[in-house]
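Residue numbers (the working numbering): 8 to 90.
Every residue, glycine too, gets a C-beta built ideally from N, C-alpha and C.
For clarity, every value in this text was computed on a predicted model and none was experimentally measured.
Just below is one structure, and these are the notes that go with it.
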Amino acid sequence: MMEDLYMEGEMGEQIVFVTPLSHKMYREAMGHGMGGPEGYFVCSLLKSRPDAGFEILAKAATLEAAELIFRALIGSVKPTLAA
């Protein structure tokens with residue numbers, strides 16, 4: 008998965024995580040129309056198929072904003088804070 012994970016949690020069959028993206032990863036994730044790779048991205052991938060890649064769910068300008076989006080998606084599930 009990503010090297011710079013800030014938060015990670017499971018939601019059903021999905022793993023949801025917050026991370027910045029490099030220019031290359033942004034292009035590979037088809038992030039067109041999101042204003043570029045700057046900021047933090049809330050992404051998901053299938054637990055059963057992590058090799059299939061990930062999907063960008065949302066973009067936030069700050070880590071705090073990304074955390075709010077993440078918590079809204081995850082709800083009461085306690086997230087894992089990445090070291």
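Counting along the chain, where does the alpha helix (DSSP H) carrying phenylalanine 77 start and finish?
As a position in the sequence shown, residue 77 is number 70, starting the count at 1. Its alpha helix (DSSP H) spans residues 70–81.
On the CB-based measure, 16 or more other CB atoms within 10 Å of its CB, does threonine 69 come out buried or exposed?
Position 62 of the sequence shown, counted from the start, is the residue given in the question as residue 69. That one is exposed.
Helix, strand or coil at lysine 31 [DSSP, three-state]:
Reading the sequence shown from its first residue, position 24 is the one you call residue 31. Three-state DSSP puts lysine 31 in a helix.
If you drop the 5 nearest sequence neighbours on each side, which residues of the same chain put their C-beta closer than 8 Å to that of glycine 42?
Reading the sequence shown from its first residue, position 35 is the one you call residue 42. Lys66, listed in sequence order.
Note the first and the last residue of the continuous beta strand (DSSP E) segment covering methionine 14.
One-based indexing of the sequence shown puts residue 14 at position 7. Segment 14–18, the beta strand (DSSP E) holding methionine 14.
What does the alpha-carbon distance come out to for the pair phenylalanine 77 and methionine 32?
Here residue 77 refers to the residue found at position 70 of the sequence shown. Here residue 32 refers to the residue found at position 25 of the sequence shown. Going by the C-alpha atoms only, they are around 20 Å apart.
Between which two residues does the beta strand (DSSP E) harbouring serine 51 extend?
Position 44 of the sequence shown, counted from the first residue, corresponds to residue 51. 47–53 is the span of the beta strand (DSSP E), which, as asked, contains serine 51.
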